[in-house]
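A.B. asks: Got a structure here, written out as C-alpha cells. Questions coming.
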Amino acid sequence: MKDMDRVMNAGNPAVELLYQTTGSTRVTVALSVLLTIYIACLPPQLVSFGRLAWAFARDRGTPLPDFFDKIDKQLQFPLRTTIASMGFAAIYGLIYLASTTAFNSIITSTVTLLHLSYAIPQAIHATRDRAQCLPKRPLDLGRWGYICNIFAPLWITVVGVMVCFPPTVSVTLGSMNYTAPILVGLFLIILVFWVLIGDEFKGPNIDWEMLNLKNEASSDASTGLVEPNINRTTSLDL
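This is how it looks when you write it as C-alpha cells:
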C-alpha cells in the first residue's frame, strides 16, 4: 500500500488497493472481476455452511441441538444454523485485526485439518475390512484400495509435520508457526464437547440397503445394462 489516504477516501477501497499494488489498470480490472466473482460465491458458501451445521445438529453433534435443528417453516430453510455460521465467520475474521500472525496460523491450520479429514477415513479403512466399511460402489479397487488407504495417512503425516515448521530459521514469538498449538487446542475443545454431549450423538442415519441398490443400478447403467426401477411396486409388495 503506497497511499493510505487515497485508499480510505476511494469510492471502492478494494479496487484502489489493487491498483496501488499492481500499478496496472488492466491487471486491476482483471483482479476486480475475479474479486466480484468471489464475492458472488459467498452466499452459496454460507448456505452450505448452514446446511452442514443443521445436519450436524440434527445428529445431535452440536451444542443446543434442539435449538439448531429447526427448519424455518416460512422459509423452509435452516435459518438458525445459517445465522450462527455467518456470526462465527464474522468473529473469525476479526482475529486478523488483533494479530496477523495468529490469523495466518489459523489459515495454515485449515490445510492440516483438511488433510486430517482425508487421513482419518483412510486409516479406518486400512485397519478394518474394506468390505465391511464401504458400501457397494461403481468403482471398486478391491485389494488395491489398501495401497491408497495406507499411503494417504503416511503422506499426510509427513505433510502435516512440514506445515507446522516455522517460516524462518530464527524463530521469535512473532514469527512462530502456531499451527500445532491451534490443533492441540482444537482437539481439546472437541474432547470437552465429546465428554459433555458425546453420549447424545446419534450419527447420520444411512439406509445402507437403499444405498447399495442405488450404487448397483449406477454400475449397471455405466456398463450399458438397463437400470432397474428400485421404487417400482409389484403385486408381491401389496
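All residue numbers for the sequence shown refer to our numbering, where the first residue is 16 and numbers rise by one. Beta carbons are placed, not taken as given, at the ideal position from N, Cα and C, and that holds for glycine. Just so we're clear, the structure is a prediction, and the values are computed from it rather than from any experiment.
1) Just how far apart, CA to CA, sit P181 and M225?
2) Please report the straight-line C-alpha distance between K85 and W69, rounded to a whole angstrom.
3) DSSP state of D81, grouped into three classes?
4) Looking at the strands, I want to know which residues DSSP matches up with D155.
5) What residues are listed by DSSP as bridge partners for F92?
6) Under the rule that 16 or more other beta-carbon atoms within 10 Å means buried, what is P93, buried or exposed?
7) Within the same chain, show all residues whose beta-carbon is closer than 7 angstroms to that of L129, passing over the 5 residues directly before and after it, in chain order.
8) Assign Y161 to one of three DSSP states: helix, strand, or coil.
9) Cα separation between G189 and G108?
10) Between the Cα of L90 and those of V62, H140, P80, spot the shortest distance and give me the residue it belongs to.
11) Contact defined as beta carbons within less than 8 angstroms: I believe C179 pairs with N192. What is the distance between those atoms, to the nearest angstrom?
12) Mapping the DSSP letters down to three states, classify G38 as helix, strand or coil.
13) Could you tell me how far apart the beta carbons of P78 and I221 are, in whole angstroms, since I believe they sit closer than 8 angstroms?
14) Suppose the cutoff is 8 angstroms on Cβ atoms and the five residues either side in sequence are ignored; what does the same chain contact list for A134 look like?
15) Check R247 in the structure and name its three-state DSSP category.
16) Just to confirm, are A72 and P80 a CB contact at a threshold of 7 angstroms?
17) Are R95 and F103 close, meaning C-beta to C-beta below 7 angstroms?
C.D. replies: This is what the structure gives:
1) The count along the sequence shown starts at 1 and reaches residue 181 at position 166. The count along the sequence shown starts at 1 and reaches residue 225 at position 210. Between P181 and M225, the C-alpha separation is close to 49 angstroms.
2) As a working mapping, residue 85 is identified with position 70 in the sequence shown. As a working mapping, residue 69 is identified with position 54 in the sequence shown. CA-CA distance, K85 to W69, rounds to 8 angstroms.
3) Here residue 81 is taken as the residue at index 66 of the sequence shown, counted from 1. When DSSP states are grouped into helix, strand and coil, D81 belongs to the helix group.
4) For the purposes of this step, residue 155 is taken as the residue at position 140 of the sequence shown. None, per the DSSP bridge assignment.
5) Sequence index remark: in the sequence shown, residue 92 carries index 77 (1-based). The partner list for F92 (beta bridge, DSSP) reads D87.
6) Your numbering for residue 93 matches position 78 in the sequence shown. Taking a 10 Å sphere around the C-beta of P93, we find 16 or more other C-beta atoms and assign the residue as buried.
7) Numbered from its first residue, the sequence shown carries residue 129 at position 114. Excluding sequence neighbours, L129 sits near nothing in its chain.
8) Residue numbering aside, residue 161 sits at position 146 when the sequence shown is read from its first letter. It is helical.
9) Within the sequence shown, the letter at position 174 stands for residue 189. Within the sequence shown, the letter at position 93 stands for residue 108. Cα to Cα, the separation comes out at about 19 angstroms.
10) As a working mapping, residue 90 is identified with position 75 in the sequence shown. Closest by alpha carbon: V62.
11) The sequence position of residue 179 within the sequence shown is 164, counting from 1. The sequence position of residue 192 within the sequence shown is 177, counting from 1. Between C179 and N192 the beta-carbon gap is near 6 angstroms, inside 8 angstroms, which marks them as a contact.
12) As a first step, residue 38 must be located in the sequence shown, where it is residue number 23. Assigned with DSSP and collapsed to three states, G38 falls in coil, not helix or strand.
13) Stepping through the sequence shown from its first residue, residue 78 is reached at position 63. Stepping through the sequence shown from its first residue, residue 221 is reached at position 206. So it is not a contact: roughly 24 angstroms between Cβ atoms.
14) If you number the sequence shown from 1, residue 134 lands on position 119. Here the set comprises A167, P168, I171, T172.
15) Here residue 247 corresponds to residue number 232 of the sequence shown, with the count starting at 1. Per-residue confidence for R247 stands at a pLDDT of 42, beneath the threshold of 50, marking its modelled position as unreliable; no derived number is given.
16) Residue 72 sits at position 57 when you count from the first residue of the sequence shown. Residue 80 sits at position 65 when you count from the first residue of the sequence shown. Between A72 and P80, the C-beta spacing is below 7 angstroms.
17) Position 80 of the sequence shown, counted from the first residue, corresponds to residue 95. Position 88 of the sequence shown, counted from the first residue, corresponds to residue 103. Between R95 and F103, the C-beta spacing is not below 7 angstroms.
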